[in-house]
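Top to bottom, those sequences are chains C and A. Numbering-wise (numbering that gives the first Met the number 0), the first sequence opens with residue 0 and increments by one. Numbering-wise (numbering that gives the first Met the number 0), the second sequence opens with residue 0 and increments by one. Data first, discussion second: the structure below is written as structure tokens.
2 protein chains.
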Amino acid sequence: MKRVLIVEDDKAILRGLVDSFKAEHFEVETSTDGELGYSIAKKNKCDILILDVMLPRMNGFDICRQLRSDGVKTPILMLTGKGEEIDKVMGLELGADDYLTKPFSIKELLARVKALLRRQADIHTEMTEATFGDVYVDFKKQEAVKGKRKLDLTAKEFQLLKYFVEREGDVISRNQLLDDVWGYQAMPTTRTVDNYILSLRKKIESSSAKPKHLLTIHTAGYKFVR
Amino acid sequence: MKRVLIVEDDKAILRGLVDSFKAEHFEVETSTDGELGYSIAKKNKCDILILDVMLPRMNGFDICRQLRSDGVKTPILMLTGKGEEIDKVMGLELGADDYLTKPFSIKELLARVKALLRRQADIHTEMTEATFGDVYVDFKKQEAVKGKRKLDLTAKEFQLLKYFVEREGDVISRNQLLDDVWGYQAMPTTRTVDNYILSLRKKIESSSAKPKHLLTIHTAGYKFVR
DNA sequence: CTTCTTTTTGACAATTTTGTGACAACGGAA
DNA sequence: TTCCGTTGTCACAAAATTGTCAAAAAGAAG
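If you want it as structure tokens, here you go:
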């Protein structure tokens with residue numbers, strides 16, 4: 000059973016939320032106070048956190064930021080009032096995963112919560128090192144060795160390789176790679192991806208023409224196998 | 000490829016948007032007129048809809064509300080002028096999924112569009128694997144096995160098979176397949192479908208002449224059974 | 001400001017997939 | 001059975017995608 004913590008000071012809304020989550024078989028924890036909510040969130044592990052922005056004693060933004068800097072990685076969904084600046088909610092500095100503007104539909108909220116949980120479920124354990132074939136990679140130290148020879152990978156090559164290794168076996172499209180590895184502020188051609196694949200292959204594969212690890216899935220993308 | 004419909008009457012902005020979306024490999028449809036935009040949105044399936052608020056003949060708010068009451072569930076992102084009331088945009092009655100206030104950055108817009116699409120993708124849980132007879136298919140990994148032999152399906156074959164598996168037991172016409180699997184402005188003839196069926200049968204059936212899973216329904220189409 | 005490295009782009013060839021047409025085989029109706 | 005429209009099958013052409021190289025552009029380091 001999934002645990003949800005709801006921090007919301009409007010009692011009417013809170014009651015509605017609690018009922019809805021219970022109906023969906025969640026275990027529900029609540030707080031109407033910001034600071035208290037924060038300490039519950041920090042202490043008790045819950046699977047998802049619903050945070051109102053306007054709260055007594057400590058607002059939702061601060062709770063969110065604080066939790067993230069405490070290393071809490073629980074998915075957070077923020078509830079913003081109409082006037083509030085939602086732009087900032089999504090930003091990295093804040094660390095919320097989604098937001099909803101009041102008034103919102105409960106159905107939509109539940110849908111988003113489920114989406115977050117699902118995403119959470121296949122969150123990839125951060126890979127710190129990997130071995131495949133005669134290659135050993137340490138992503139933390141940014142070092143790679145093939146056989147007895149040191150490999151000289153660039154930062155982006157490490158990122159890309161890590162992304163693949165963390166998703167071993169899955170087909171990844173070029174566009175997904177551009178979105179996730181390059182990020183949406185850069186928009187290189189999908190051709191760029193091919194070139195990185197090529198150069199990675201030249202380094203980690205014994206024969207770049209007959210790759211054993213970084214495979215091409217024609218018209219779909221690439222996939223990594225150990 | 001994702002399809003976006005942009006309804007915006009400012010030609011300069013429109014051009015910028017079109018270029019940016021094309022650069023991101025979207026298929027772009029446009030309208031500068033509200034009423035026309037509405038009917039395009041209603042008729043043509045697109046994956047995401049960008050709506051300006053101020054439009055000739057029918058404003059963005061009304062388009063949005065009307066589409067929702069028509070049962071259209073496409074994600075909608077509204078572009079509001081600075082003075083306009085953003086409160087109303089988000090509300091349930093209206094049914095928009097996100098908004099951006101002019102002037103906005105194209106990058107931000109693209110980022111939000113991608114977020115909406117991703118959220119959308121999360122909502123319909125897609126079938127990720129399937130078993131029938133002695134065949135096992137993993138759509139995410141694009142791998143298929145029959146008995147102990149690996150099957151080598153092309154991307155389109157996977158798509159087609161997935162479409163059938165998700166509609167197990169339903170009779171599907173060739174035209175429906177062309178629309179849904181091949182895409183919106185399906186060029187190919189209905190003959191193409193038969194050929195794909197053939198090649199799928201050769202791969203997944205023990206005897207392509209006596210199919211057990213991909214059945215022909217004469218004059219109607221095909222249907223998949225487990 | 002140079003020099004070196006990394007990143008991105010563009011061109012072209014190599015490869016794979018996709019679409020088409022011909023013809024045979026088949027199903028159903030008269 | 002005979003006929004006509006539908007489907008199965010094959011081989012080939014057209015179209016798209018990917019591999020590869022080299023050079024331009026952008027960044028870092030000195």
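Every residue gets a Cβ at the ideal spot worked out from N, C-alpha and C, and that includes glycine.
Check residue i in the structure and name its three-state DSSP category.
| i | result |
| --- | --- |
| S30(C) | strand |
| T127(C) | coil |
| R2(C) | strand |
| A143(A) | strand |
| F163(C) | helix |
| V112(A) | helix |
| R64(A) | helix |
| G36(A) | helix |
| T73(A) | coil |
| V134(A) | strand |
| K21(C) | helix |
| D97(C) | strand |
| F157(C) | helix |
| L91(C) | At L91(C) the pLDDT is 45, less than 50, meaning the model places this residue with poor confidence and gives no usable figure here. |
| K10(A) | helix |
| G220(C) | strand |
| R190(A) | helix |
| L199(C) | helix |
| R118(C) | helix |
Hey, residue i and residue j: beta-carbon distance below 7 Å or not?
| i | j | result |
| --- | --- | --- |
| V112(C) | I62(C) | no |
| F138(A) | F223(A) | no |
| Y195(A) | L150(A) | no |
| R56(C) | G33(C) | yes |
| K145(C) | V136(C) | no |
| E165(A) | M126(A) | yes |
| R173(C) | T189(C) | yes |
| L76(C) | I105(C) | no |
| E7(C) | D51(C) | yes |
| L236(A) | C45(A) | As shown, chain A starts at 0 and ends at 225. That puts residue 236(A) outside it, with no answer to give. |
List the residues of chain C whose Cβ lies closer than 8 Å to the Cβ of residue i, in chain order.
| i | result |
| --- | --- |
| A154(A) | I216, H217, T218 and A219 |
Does the beta-carbon of residue i have 16 or more other beta-carbons within 10 angstroms, so that it is buried, or is it exposed?
| i | result |
| --- | --- |
| S30(C) | buried |
| A143(C) | buried |
| G36(C) | buried |
| Q141(C) | exposed |
| E156(C) | buried |
| G59(A) | buried |
| P210(A) | buried |
| E26(C) | exposed |
| A129(A) | buried |
| D96(A) | buried |
| T79(C) | buried |
| A22(A) | exposed |
| L99(C) | buried |
| P74(A) | buried |
| K161(C) | buried |
| G220(C) | buried |
| V170(A) | exposed |
| V88(A) | In this prediction, V88(A) scores a pLDDT of 47, lower than 50, which makes its location untrustworthy; the coordinate-derived value is nonetheless stated afterwards. Result: buried. |
How would you list, in chain order, the residues of chain A whose beta-carbon sits under 7 Å from the beta-carbon of residue i?
| i | result |
| --- | --- |
| K209(C) | The contacting residues do not exist; K209(C) stays about 16 Å from chain A at best. |
What does residue i touch in chain C if you count any residue whose Cβ is under 7 Å from its own?
| i | result |
| --- | --- |
| H24(A) | N174 |
What residues of chain A sit near residue i, judged by a beta carbon separation below 8 Å?
| i | result |
| --- | --- |
| K222(C) | K140 and Q141 |
**Message:** Please identify, using Cβ separations under 7 Å, the residues of the region 136–152 of chain A that lie next to chain C, in order along the chain.
**Reply:** K139, K140 and Q141
**Item:** Residues from the region 163–174 of chain C in contact with chain A, defined by Cβ distance under 8 Å
**Value:** G168, D169, V170 and N174
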